[in-house]
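Heads up: the sequence shown at position 53 corresponds to 103 in my numbering, and the numbers run straight through without jumps.
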Amino acid sequence: MPLSSPVPLPRALAAEGIGTFALVFFGPGAAVVQAQTGALGHLGVALVFGLTVTAVIAALAPISGAHINPAATVALTLAGKFPRSRVLPYVLVQLIGAALAGFVLLALFGMKGNLGVTVPAGTVLQAFVLETVLTFFLLLVALRSGLPWVVGGVVALEAAMGGPITGASMNPARSFGPSLASGIWTAHWLYWAAPLLGAALAAVVNHFLSPGEPVEAQPRRAQEFVLTRESI
Numbered sequence: 051m052p053l054s055s056p057v058p059l060p061r062a063l064a065a066e067g068i069g070t071f072a073l074v075f076f077g078p079g080a081a082v083v084q085a086q087t088g089a090l091g092h093l094g095v096a097l098v099f100g101l102t103v104t105a106v107i108a109a110l111a112p113i114s115g116a117h118i119n120p121a122a123t124v125a126l127t128l129a130g131k132f133p134r135s136r137v138l139p140y141v142l143v144q145l146i147g148a149a150l151a152g153f154v155l156l157a158l159f160g161m162k163g164n165l166g167v168t169v170p171a172g173t174v175l176q177a178f179v180l181e182t183v184l185t186f187f188l189l190l191v192a193l194r195s196g197l198p199w200v201v202g203g204v205v206a207l208e209a210a211m212g213g214p215i216t217g218a219s220m221n222p223a224r225s226f227g228p229s230l231a232s233g234i235w236t237a238h239w240l241y242w243a244a245p246l247l248g249a250a251l252a253a254v255v256n257h258f259l260s261p262g263e264p265v266e267a268q269p270r271r272a273q274e275f276v277l278t279r280e281s282i
């Protein structure tokens with residue numbers, strides 16, 4: 051259901067910008083550190099993504115819902131849990147936060163690891179299908195459970211599985227920030243189209259599973275939606 055008493059928009063936007071900045075700084079940042087030092091490993095990078103999402107949700111969900119992902123905002127809106135009037139401001143501030151993080155990484159590390167930009171390792175079709183499925187499961191879980199560790203755990207799980215193939219973005223903003231800072235736009239469109247399709251499918255399936263009242267592990271937080279809510 052829609053938020054009954056939304057936080058004033060400037061405060062909500064500030065939280066979304068900070069949360070999305072954190073996601074891109076620490077997530078792709080971990081991939082950059084891995085490229086420079088080899089210290090984290092693939093599973094370590096996936097864990098950083100998951101822990102970042104968990105922390106952001108725990109800290110910022112009461113303020114903005116901690117979408118930190120345009121696909122999450124779309125899924126919430128389609129599920130009737132987020133006011134349509136806030137969609138565009140949320141998406142814009144998510145992109146700004148992601149872009150700022152991308153340029154901070156560029157200033158710190160140069161082009162090491164291509165700033166964690168997401169590009170398909172296989173075919174575009176394979177990447178599109180995988181990103182759609184990953185986003186679908188991530189947002190279905192996020193719609194049905196507001197627990198930070200649950201959503202963060204799914205992010206880590208999917209980053210571990212899909213990262214080597216697509217970067218496991220599941221998040222247009224996560225892909226946009228590093229692409230803007232690096233100038234690498236290879237198949238960038240699919241990192242918008244696939245997550246948005248996955249978001250729509252998640253909203254439809256969530257309604258089918260609970261046409262009346264959604265399952266709420268933590269009622270208040272589930273109403274506000276917490277995400278990734280990322281990758282990516």
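Ideal Cβ positions, reconstructed from N, Cα and C, are used throughout, including at glycine.
Considering only C-alpha positions, which residue in the set the options is nearest to residue i?
i: leucine 197; options: Val106, Trp235, Phe76 and Phe159; result: Val106
i: glycine 212; options: Val169, Ala65 and Ile68; result: Val169
i: phenylalanine 132; options: Ile146, Leu145, Gln144 and Gly115; result: Gly115
i: leucine 180; options: Gly130, Pro112 and Pro214; result: Pro214
i: histidine 257; options: His238, Asn164, Gly130 and Phe71; result: Gly130
i: glycine 69; options: Val83, Leu145, Ser135 and Thr185; result: Leu145
i: valine 74; options: Asn164, Ala149, Tyr241 and Val255; result: Ala149
i: glycine 77; options: Tyr241, Gly152 and Ala108; result: Gly152
i: leucine 207; options: Val154, Thr216, His238 and Ala96; result: Ala96
i: valine 40; options: Leu63, Pro245 and Trp239; result: Outside the displayed range of the chain (51 to 282) lies residue 40, so it cannot be described from this structure.
Using the beta-carbon count (16 or more within 10 Å), is residue i buried or exposed?
i: arginine 194; result: buried
i: arginine 61; result: exposed
i: alanine 89; result: exposed
i: glutamine 86; result: exposed
i: serine 219; result: buried
i: methionine 51; result: Any reading at methionine 51 needs caution, since the residue's pLDDT is 29, under 50, leaving its predicted position unreliable; the model's value is listed next. Answer is exposed; the Cβ neighbour count stays below 16.
i: arginine 279; result: Any reading at arginine 279 must be qualified, since the residue scores a pLDDT of 41, below 50, and its modelled position is unreliable; the value itself is stated next. Looking at its Cβ environment, which holds 16 or more other Cβ atoms inside 10 Å, arginine 279 is buried.
i: leucine 128; result: buried
i: serine 229; result: buried
Pick helix, strand or coil for residue i, following the three-state DSSP scheme.
i: valine 201; result: helix
i: leucine 59; result: helix
i: threonine 173; result: coil
i: histidine 117; result: coil
i: leucine 138; result: helix
i: arginine 90; result: The question names arginine, yet the displayed sequence has leucine at residue 90. Three-state DSSP puts leucine 90 in coil, outside helix and strand.
i: valine 74; result: helix
i: phenylalanine 159; result: helix
i: valine 276; result: Because the pLDDT at valine 276 is just 40, under 50, the model does not fix this residue reliably, and the value given afterwards should be weighed accordingly. In this structure, valine 276 counts as coil in the three-state DSSP scheme.
i: phenylalanine 132; result: coil
i: glycine 67; result: helix
i: proline 261; result: coil
i: valine 167; result: coil
Report the rounded CA-to-CA distance for residue i versus residue j, giving the unit in angstroms.
i: leucine 189; j: lysine 162; result: 31 Å
i: isoleucine 234; j: serine 260; result: 41 Å
i: proline 58; j: glutamine 176; result: 41 Å
i: threonine 123; j: alanine 209; result: 20 Å
i: leucine 126; j: valine 183; result: 17 Å
i: phenylalanine 99; j: asparagine 221; result: 12 Å
i: alanine 252; j: alanine 192; result: 9 Å
i: leucine 158; j: glycine 227; result: 15 Å
i: valine 201; j: threonine 104; result: 7 Å
i: valine 143; j: threonine 173; result: 31 Å
i: threonine 102; j: glycine 79; result: 11 Å
i: leucine 247; j: phenylalanine 186; result: 8 Å
i: valine 118; j: alanine 171; result: Reading off the sequence, residue 118 comes out as isoleucine, not valine. If you take the alpha carbons of isoleucine 118 and alanine 171, they lie about 25 Å apart.
i: glycine 91; j: glutamine 84; result: 6 Å
i: leucine 165; j: arginine 134; result: 33 Å
i: alanine 237; j: leucine 93; result: 25 Å
i: alanine 82; j: glycine 67; result: Reading off the sequence shown, one finds valine at residue 82, where the question assumed alanine. In a straight line, the C-alpha of valine 82 is about 21 Å away from that of glycine 67.
i: leucine 240; j: proline 56; result: 32 Å
How about residue i: is its C-beta nearer than 8 Å to some C-beta of chain B?
i: alanine 96; result: Chain labels in this structure do not include chain B; a single protein chain is all it has.
Original post:
For the stretch 176-253, which segments carrying the alpha helix (DSSP H) assignment without a break, of at least 4 residues, lie completely within its bounds, in sequence order?
Top reply: Taking only runs of at least 4 residues, the alpha helix (DSSP H) segments lying wholly in the stretch 176-253 are 198-216 and 222-232.
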